[in-house]
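Residue numbers (the numbering used here): 1471 to 1619. We treat Cβ as the ideally placed atom computed from N, Cα and C, and that holds for glycine. All values derive from a computational prediction rather than experimental measurement.
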């Protein structure tokens, strides 16, 4: 009986743990296509291996952010230190970072994008650098960017 309870507990923990995983896109083209299909802006996280993980821990790994992001944005993570991506993709990511005026990592940018005749055009909606105010403040600041009045 105890063994059955432990097995059940293991599966429940595994299931609940997986349900809180966010799906971050890493390919710009794929993210843009989904963004346009779902009519949601992109939340672009510019990061690198050397960037502090505070934003990840305090915001992105929370249930509040997961619920909010699923309704409001398409998540795109551009790791500028990722050795697994091609040099062309790395160069494209750096150009986008510079075009958006990102200096410190990690930083979040909100944008709409479209691909027409093989050219990608971005409309920057706003930037949100890390602050230690927590997930509620991050969501409130994000909503101000996404829904200006």
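Helix, strand or coil, according to DSSP, for residue i in the structure here?
i            : result
residue 1495 : strand
residue 1569 : helix
residue 1531 : coil
residue 1577 : strand
residue 1552 : coil
residue 1582 : strand
residue 1587 : coil
residue 1411 : Since the first and last residues shown for the chain are 1471 and 1619, residue 1411 lies out of range.
In whole angstroms, what is the alpha-carbon distance linking residue i and residue j?
i            : j            : result
residue 1619 : residue 1572 : 25 Å
residue 1615 : residue 1608 : 11 Å
residue 1501 : residue 1593 : 14 Å
residue 1582 : residue 1493 : 18 Å
residue 1537 : residue 1587 : 35 Å
residue 1631 : residue 1518 : There is simply no residue 1631 to check, as the chain begins at 1471 and stops at 1619 in what is shown.
residue 1546 : residue 1603 : 22 Å
residue 1491 : residue 1516 : 19 Å
residue 1606 : residue 1549 : 25 Å
residue 1506 : residue 1590 : 13 Å
Assuming residue i contacts residue j under a Cβ cut-off of 8 Å, what Cβ separation, rounded to an integer in Å, is found between them?
i            : j            : result
residue 1524 : residue 1600 : 6 Å
Apart from the five residues on each side of it in sequence, which residues of its chain come closer than 6 Å, Cβ to Cβ, to residue i?
i            : result
residue 1504 : 1544
residue 1596 : 1580, 1615
residue 1551 : 1518, 1519
residue 1499 : none
Heavy atom of the ligand ADP less than 7 Å from the Cβ of residue i, yes or no?
i            : result
residue 1576 : No copy of the ligand ADP appears in this structure; indeed no ligand is present at all.
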